Amino acid sequence: MPWQLSSQIPINPIHAAVGRTGKVLFFAGSGNVETQVAYNNSPEGVRLWDPNNPTVFTTPTIPRDSNGNPIDLFCAGHSFRADGQLFVAGGTLRYDPFYGIPDSFVFNFTGNNGNGTWTKVASMYRGRWYPTVLTLGDGRIFSLSGLDISGGLDRNPEIFNGSSGWKIFTQPTSYLALYAHLILLSSGKLFYTGAQLGGNNGVSPRILTLPSKFNRAIAEQSVSGLQNASYGNQAASVLLPPAQDQKVMIIGGGDGGTATNRVNVVNLSNSTNYTAVASLNYARMHHNAVLLPDRTVFVCNGSGGEENISLSTLPAEIYNPATNTWTAVETPIVNGRVYHSVAVLLPDGRVVAAGGNPQRGTYENRIEIYSPAYMSQTRPVISSAPAATNYSRTITIQTNQPATNIKWVHLIRPMATTHGLDTEQRVVDLPISSRSGNSLSVQITGNRNIAPPGYYMLFVVDNNNVPSVASWIQLT
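Take the sequence shown: its letters are residues 1 to 476, numbered as in the working numbering.
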């Protein structure tokens, strides 16, 4: 069966990130249960999970506040640092109305003998609940939007530098939405796709140009043509493979209680206009989009209406950019992965789906794994590859079959996702410069905005579009 139940997780897995150890970090803080804000110190709200030992969960200790209670990481934002640690910013100060916290953290997947460690770092200037966090090409961390310590929508982004802490832009942006989907472009500019959580505040998709000085305004250039522009709530966004092509896709989403099946793409290398491509077979929101190592887009989870389980018995779908087609594949075993559901790519090419939280106090605790069709094929094998490399270098990869059988070599940045938002995942092509026997020479990009520094999954893909299992490689 392509879908298989794996294990049951004892927390609501609202946030998920795949570390360079291959383990998956799930965390939720108070987990959308207000009575857990005071903490009884039993639901730490975090678990580290090894897909190769799926019944075992470890509980890395969350940093404490001045009263000795765990800081609430519920509804933070996150992206990966150059050293492979997950950077987490924001979270929950209070419920109903929600206020955000200014705290920031890093999670080290290799700490405590591989059981993971949390460390608190410098706090932001502003509290942020539902913020967007993104790693820039120079390795700094950018944070935008979110509700502040008084519940207001923040409009002054910040940037974290490991040596000097946070700096804040003194000029406000437009009213960019909560969990605004941002993608780093090859130019170093940022693209807001139009996908978000809760409504777009009347702000259209746009390109943001960061100024060199923090007392200057961030320039904003609108991108037009998005169909059903008001349907960006809980849509999905991806940078289509390969990242060098600069094509961004927005998939589905909702407006109120209604979902759309519209799919649009903008080619930002030569245009600032979205155009329609093939629609989803099923309208959906609260879904997740995962870039597969065969350069297709896998979509799962979600519902035809907001948090509506009765409309959530949906097959997964796979988009093939080469043919502009969506193919419905197998329906998951678990029904009801709506709000707060997640899906991430594992290094072996499988997809993990978890969560679903249609109402407070109830969540889906079963982890499910999808095996794409290539998992049952004879797969190429990376027999050797460097563990680290620099930009603009040529590296050599050995495979178990003739190099002429290899179609692509690429890097995939590991996912760090919540609420359908992932600013991390991208497929970076490594052009093959020469082939000899079982050896491939491939070129690493010199553009840090195409591939921000950090750890990547390295795949080779054969002429039948069947990928290998990944090797981890650090790009510095």
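Virtual Cβ for every residue (Gly too), placed ideally from N, Cα, C. None of the values given here were measured: they were computed from a predicted structure.
Starting from the Cα of residue i, find the closest Cα among the options and give me that residue.
i	options	result
TRP118	ASP138, PHE107 and THR423	PHE107
LEU144	TRP408, PRO293, ASN390 and GLY100	GLY100
TYR374	ALA353, ILE367 and ILE318	ILE318
THR275	ILE251, LYS213 and PRO131	ILE251
ILE412	ASP348, ASN228 and ALA122	ASP348
ASN12	GLY356, ALA283, ARG206 and GLU307	GLY356
ASN233	TYR339, LEU5 and PHE80	TYR339
GLY165	LEU178, GLN196, LYS120 and ASN201	LYS120
ARG295	VAL409, LYS213, PHE191 and SER341	VAL409
LYS213	VAL297, ASN115 and GLN171	GLN171
THR313	GLY302, VAL248 and PHE169	GLY302
GLN377	VAL33, ILE207, ALA76 and SER468	SER468
ARG448	ALA82, SER371, GLN221 and LEU197	ALA82
PRO70	LEU5, SER439 and ILE62	ILE62
ALA229	GLN246, VAL203, ASP245 and THR209	VAL203
PHE27	PRO2, ASN53, MET1 and PHE57	PHE57
GLY114	GLN85, ASN365 and GLY146	GLN85
ILE369	ASP50, GLU34 and PRO97	ASP50
THR272	MET249, ALA387 and GLU34	MET249
GLN324	ALA316, GLU306, VAL297 and SER163	It is worth fixing the name first, because residue 324 is Asn in this sequence and not Gln. With distances taken between Cα atoms, ASN324 lies closest to VAL297.
ALA76	PRO131, THR193 and THR35	PRO131
TRP326	LEU226, VAL277, ASP96 and THR59	VAL277
PRO414	GLY256, HIS181, GLY336 and VAL18	VAL18
ARG393	THR35, PRO431 and SER371	PRO431
GLU220	PRO332, ILE183 and LEU208	LEU208
ALA16	ALA316, ASN400 and ALA354	ALA354
PRO102	TRP129, LEU178 and HIS286	TRP129
MET291	GLU364, ALA416, TRP3 and PRO60	A small fix is needed here, since residue 291 is Leu in this sequence, not Met. If we check each option's Cα against that of LEU291, ALA416 comes out closest.
GLU158	HIS287, GLY111, GLN359 and ARG216	ARG216
May I ask you to report which of helix, strand or coil DSSP gives residue i?
i	result
ILE309	helix
THR404	helix
SER186	coil
ALA180	coil
LEU5	strand
SER230	helix
ALA38	Because the pLDDT of ALA38 is 48, which lies under 50, any placement of that residue in the model is unreliable, and the question is left without a value.
ASP462	strand
SER204	coil
SER371	coil
SER376	helix
ASP50	coil
PRO43	The pLDDT assigned to PRO43 is 48, lower than 50, so where the model puts this residue is not dependable, and the model offers no usable value.
GLN196	strand
GLN474	strand
ALA243	helix
MET124	coil
TYR456	strand
LEU134	strand
PHE169	coil
LEU280	coil
HIS15	strand
SER468	coil
LEU210	coil
SER237	strand
ALA444	First, the residue type needs correcting, since residue 444 is Ile and not Ala in the sequence shown. Here ILE444 sits in coil by DSSP.
My guess is that residue i and residue j are in contact by the Cβ rule of under 8 Å, so how many angstroms apart are they, rounded?
i	j	result
THR29	GLY91	The sequence shown places Gly at residue 29, not Thr. Confirmed, Cβ separation roughly 6 Å.
ARG426	ALA243	4 Å
ALA89	VAL133	5 Å
ALA479	VAL299	Lying before the first or after the last residue shown, residue 479 is absent from the chain, which here runs from 1 to 476.
LEU185	LEU240	Actually they do not touch by this definition, with Cβ atoms about 13 Å apart.
SER7	THR55	5 Å
VAL428	ILE450	6 Å
PRO205	VAL223	4 Å
ILE149	GLY116	Not confirmed; about 28 Å, so no contact.
PHE98	LEU147	6 Å
Regarding residue i and the ligand MN, is the C-beta to nearest heavy atom distance less than 7 Å?
i	result
LYS167	The ligand MN is not part of the structure shown, which contains no ligands of any sort.
In the stretch 288-367, which residue ranges form an unbroken beta strand (DSSP E) of at least 3 residues, counting only runs that do not cross its ends? 288-291, 297-300, 317-320, 325-328, 341-345 and 351-355
Those runs of the beta strand (DSSP E) which lie wholly inside the stretch 413-438 and span at least 3 residues: 416-418, 427-429 and 432-436
Which runs of the beta strand (DSSP E) at least 3 residues long sit entirely within the stretch 139-166? Give them in chain order. 141-144 and 158-161
Check whether the stretch 365-383 and the stretch 439-446 touch, using three or more Cβ-Cβ pairs below 8 Å as the test. no
Which runs of the alpha helix (DSSP H) fall wholly inside the stretch 54-120 and span at least 4 residues, in chain order? 111-114
Can you find at least 3 beta carbon pairs, one from the stretch 416-426 and one from the stretch 463-476, that sit closer than 8 Å? no
Cβ pair count under 8 Å reaching 3, the stretch 276-284 against the stretch 254-268: yes
Three CB pairs or more closer than 8 Å across the stretch 429-438 and the stretch 390-405: yes
Output the residue ranges of the alpha helix (DSSP H) runs that lie fully inside the stretch 247-272 and measure 4 residues or longer, sorted by chain position. none
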